[in-house]
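Q: Below: one structure in structure tokens.
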Amino acid sequence: VSAINGVGAKAYHPRFHAKSNTLLYTAEQIQSNIWLYDVESMNERTTPVISSTVSDFDAKWSPDGKRIAFVSERDGNHQLWVCNADGTSPRKVTQLDSGYLLFPQWSPDGTMILVTSSHEGDFDVFKVSADGGPMIDATPDVSGCMIGTWSADGECIYYSKDFSLFKLELASNKSTLVANGSWIGHESTDGNTLYHSNIVIGSSEGWLLYEKPTDNLDPYDLGKLVHADIRMQMPQTFYTRENKLFWLGWDENDTQKIDKPLMTMDPNSENPLQISVIRNLPDLYHNIDLSLDGKQALIPRQPKAESDIMIFKHPPLR
Numbered sequence: 668v669s670a671i672n673g674v675g676a677k678a679y680h681p682r683f684h685a686k687s688n689t690l691l692y693t694a695e696q697i698q699s700n701i702w703l704y705d706v707e708s709m710n711e712r713t714t715p716v717i718s719s720t721v722s723d724f725d726a727k728w729s730p731d732g733k734r735i736a737f738v739s740e741r742d743g744n745h746q747l748w749v750c751n752a753d754g755t756s757p758r759k760v761t762q763l764d765s766g767y768l769l770f771p772q773w774s775p776d777g778t779m780i781l782v783t784s785s786h787e788g789d790f791d792v793f794k795v796s797a798d799g800g801p802m803i804d805a806t807p808d809v810s811g812c813m814i815g816t817w818s819a820d821g822e823c824i825y826y827s828k829d830f831s832l833f834k835l836e837l838a839s840n841k842s843t844l845v846a847n848g849s850w851i852g853h854e855s856t857d858g859n860t861l862y863h864s865n866i867v868i869g870s871s872e873g874w875l876l877y878e879k880p881t882d883n884l885d886p887y888d889l890g891k892l893v894h895a896d897i898r899m900q901m902p903q904t905f906y907t908r909e910n911k912l913f914w915l916g917w918d919e920n921d922t923q924k925i926d927k928p929l930m931t932m933d934p935n936s937e938n939p940l941q942i943s944v945i946r947n948l949p950d951l952y953h954n955i956d957l958s959l960d961g962k963q964a965l966i967p968r969q970p971k972a973e974s975d976i977m978i979f980k981h982p983p984l985r
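Numbering (the working numbering), first residue to last: 668 to 985.
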């Protein structure tokens with residue numbers, strides 16, 4: 668007995684066609700849609716703003732708030748899509764045949780989008796026009812990079828490699844190690860401060876959040892710990908908006924559908940403040956986005972697992 672390549676897990680009720688090599692079966696599909704929430708009241712729309720019969724995730728508002736970039740599997744592969752802010756007129760930006768794609772990040776002027784993709788084999792950071800076009804390696808002299816973000820002025824990008832954070836000047840293509848042991852970097856709105864997530868080595872306590880001046884390029888000077896109570900289970904789940912910090916806290920339940928508190932803190936605060944709890948986040952990987960004023964959020968939500976009927980054309984059996 669051997670598995671049939673191409674069918675995958677959670678397939679049941681198989682039926683072969685009597686005169687061909689076609690297999691009909693039912694498969695469990697775990698999907699996520701993207702919902703619009705009011706951050707303070709956490710009131711959600713009655714329907715998701717972006718949805719399909721497969722997973723849609725990693726939604727990001729454009730700087731002017733008029734468009735949303737998101738990742739979807741709706742054509743069978745991970746692709747970058749862009750739609751209007753209300754979810755209408757979705758348009759595929761990339762044309763990938765294989766690999767993963769995640770973590771889209773708009774440039775400050777809204778013309779380009781950074782993504783992390785493995786379509787060439789290893790993961791790397793690429794940039795692509797928001798209107799579509801070829802994917803360009805954003806770090807041509809370095810491979811194995813992940814999770815690219817823009818500087819506030821759009822002249823540099825930050826990326827992660829070998830569990831450390833680098834800064835790349837786009838004009839000179841010069842990379843500099845800026846934070847040893849850190850993964851994700853976000854500049855403050857004014858571009859003066861770099862916030863970065865740094866892993867707690869040898870511990871299950873997750874990721875800590877540090878801040879330091881953007882002109883401090885000493886990779887072993889992590890800067891100031893933002894607050895001792897800030898702990899994140901994923902390095903990318905923090906956001907800077909109007910010089911306020913937002914982040915997703917620790918899971919409230921050890922279940923497949925994740926519930927996490929949404930936290931905030933401004934420079935004048937002494938302690939973090941919990942705004943609300945975001946429920947039914949997808950397990951393993953999830954990322955939200957906040958509007959520029961921090962009042963609305965785009966959230967991937969995994970309501971349930973559904974079943975689809977699948978057709979699989981198998982090579983002749985011997």
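Heads up, the beta-carbon is just placed ideally off N, CA and C, and yes, glycines get one too. Source: prediction; values computed, not measured.
(1) How close, in whole Å, do the beta carbons of Asn700 and Arg968 come, if the pair is a contact with beta carbons under 8 Å?
(2) Below 6 Å CB to CB, which residues in the same chain sit around Lys834 once its five sequence neighbours on both sides are set aside?
(3) Can you list, in chain order, the residues of its chain whose CB lies under 7 Å from that of Asp918, leaving out five sequence neighbours each side?
(4) Pick out whichever of Ala752, Leu892 and Leu940 has its Cα sitting closest to the Cα of Gln963.
(5) Label Val738 either buried or exposed according to how many other C-beta atoms from any shown protein chain fall within 10 Å of its C-beta, with 16 as the threshold for buried.
(6) Excluding sequence positions up to five away, which residues of its chain have a Cβ less than 7 Å from the Cβ of Ala805?
(7) So Arg734 is in the beta strand (DSSP E); what residue range does that whole segment cover?
(8) Just verifying my parser: in three-state terms, what is the DSSP assignment at Met899?
(9) Can you name the start and end residues of the beta strand (DSSP E) that Thr843 belongs to?
(10) Looking at C-alpha atoms only, which residue of Asn938, Asp731, Pro775 and Gly848 is the closest neighbour of Asp857?
(11) For Arg1004, count neighbouring C-beta atoms within 10 Å of its own C-beta (all shown protein chains included) and say buried if the count is 16 or more, exposed if not.
(12) Where does Ser958 fall in DSSP's three states?
(13) Look up Arg968 in the DSSP assignment and say whether it is helix, strand or coil.
(14) If you measure between the beta carbons of Pro771 and Asp725, is that distance less than 7 Å?
(15) Hey, how far is the Cα of Thr720 from the Cα of Trp702?
(16) Check whether the Cβ atoms of Lys727 and Asp956 sit closer than 7 Å, and answer yes or no.
(17) Which residues does DSSP list as the beta-bridge partners of Thr860?
(18) If you run the structure through DSSP and keep just helix, strand and coil, what is Cys812?
(19) Taking the alpha carbon of Met930 as the reference point, which residue from Leu876, Phe790 and Gly890 has its own alpha carbon closest?
(20) If we ignore side chains and look at the alpha-carbon of each, how far apart do Glu866 and Asp705 end up?
(21) Please report the straight-line C-alpha distance between Gln762 and Lys891, rounded to a whole angstrom.
(22) If you draw a straight line from the C-alpha of Val809 to the C-alpha of Asn710, how long is it?
(23) Please state whether the Cβ-Cβ distance between Gly800 and Ser729 is less than 7 Å.
(24) Measure how close the beta-carbons of Pro886 and Asn847 come, nearest whole angstrom, since I'm counting them as under 8 Å.
(25) Only counting the same chain, and skipping five residues up and downstream in sequence, which positions put a Cβ closer than 7 Å to that of Arg741?
(26) What number of angstroms, rounded off, separates the C-alpha of Asp731 from the C-alpha of Ser958?
(27) What first and last residue would you give for the beta strand (DSSP E) that runs through Leu915?
A: In this structure, then:
(1) Counting from one through the sequence shown, the residue named residue 700 turns up at place 33. Counting from one through the sequence shown, the residue named residue 968 turns up at place 301. 6 Å between Cβ atoms; contact.
(2) Within the sequence shown, the letter at position 167 stands for residue 834. Result list for Lys834: Cys823, Tyr825, Thr843 and Val845, in chain order.
(3) Taking the sequence shown and counting its residues from 1, one reaches residue 918 at position 251. Gln900, Ile925, Asp926 and Lys927, listed in sequence order.
(4) As a first step, residue 963 is located in the sequence shown; it is residue number 296 there, counting from the start. The shortest Cα separation from Gln963 among Ala752, Leu892 and Leu940 belongs to Ala752.
(5) The residue you call residue 738 lines up with position 71 of the sequence shown. Result: buried.
(6) Within the sequence shown, the letter at position 138 stands for residue 805. Excluding positions up to five away in sequence, the list reads Leu781, Val792, Phe793, Lys794, Gly815 and Ile824.
(7) Here residue 734 is taken as the residue at index 67 of the sequence shown, counted from 1. Note, Arg734: beta strand (DSSP E), Arg734 to Ser739.
(8) What you label residue 899 is simply residue 232 of the sequence shown in a count that begins at 1. Of the three classes helix, strand and coil, the one that applies to Met899 here is strand, per DSSP.
(9) Numbered from 1 along the sequence shown, position 176 holds the residue referred to as residue 843. Taken as a continuous stretch (DSSP letters only), the beta strand (DSSP E) holding Thr843 covers Lys841 to Asn847.
(10) Translated into positions along the sequence shown, residue 857 becomes position 190. The option with the nearest alpha carbon to Asp857 is Pro775.
(11) No statement about residue 1004 is possible, as the shown extent of the chain runs from 668 to 985 and does not include it.
(12) Walking along the sequence shown from the start, residue 958 turns up at place 291. Coil.
(13) Position 301 of the sequence shown, counted from the start, is the residue given in the question as residue 968. Three-state result, Arg968: strand.
(14) If you number the sequence shown from 1, residue 771 lands on position 104. If you number the sequence shown from 1, residue 725 lands on position 58. Result yes, Cβ atoms of Pro771 and Asp725 sit closer than 7 Å.
(15) Along the sequence shown, read from residue 1 onward, the residue named residue 720 stands at position 53. Along the sequence shown, read from residue 1 onward, the residue named residue 702 stands at position 35. About 15 Å.
(16) As a working mapping, residue 727 is identified with position 60 in the sequence shown. As a working mapping, residue 956 is identified with position 289 in the sequence shown. The answer is yes: Cβ separation under 7 Å.
(17) Translated into positions along the sequence shown, residue 860 becomes position 193. Answer is Pro880.
(18) One-based indexing of the sequence shown puts residue 812 at position 145. Here Cys812 sits in coil by DSSP.
(19) Sequence index remark: in the sequence shown, residue 930 carries index 263 (1-based). Checking every option, the nearest Cα to that of Met930 belongs to Leu876.
(20) By one-based count along the sequence shown, residue 866 stands at place 199. By one-based count along the sequence shown, residue 705 stands at place 38. One point to set straight first is that residue 866 is Ile, not Glu, in the sequence displayed. Roughly 31 Å between the two C-alpha positions.
(21) If you number the sequence shown from 1, residue 762 lands on position 95. If you number the sequence shown from 1, residue 891 lands on position 224. Distance between the alpha carbons of Gln762 and Lys891 is about 42 Å.
(22) Mapped onto the sequence shown, residue 809 falls at position 142. Mapped onto the sequence shown, residue 710 falls at position 43. Approximately 44 Å between the Cα atoms of the pair.
(23) Within the sequence shown, numbered from 1, the residue matching residue 800 stands at position 133. Within the sequence shown, numbered from 1, the residue matching residue 729 stands at position 62. No, the pair does not count as a contact, with Cβ atoms beyond the cut-off.
(24) Residue 886 sits at position 219 when you count from the first residue of the sequence shown. Residue 847 sits at position 180 when you count from the first residue of the sequence shown. So it is a contact: roughly 5 Å between Cβ atoms.
(25) Your numbering for residue 741 matches position 74 in the sequence shown. Closer than 7 Å at Cβ, skipping near neighbours: Ser719 and Val721.
(26) Start at 1 with the first residue of the sequence shown, and residue 731 comes out as number 64. Start at 1 with the first residue of the sequence shown, and residue 958 comes out as number 291. Roughly 10 Å separates the two Cα atoms.
(27) Within the sequence shown, numbered from 1, the residue matching residue 915 stands at position 248. Where Leu915 is concerned, the enclosing beta strand (DSSP E) stretches over Lys911 to Leu915.
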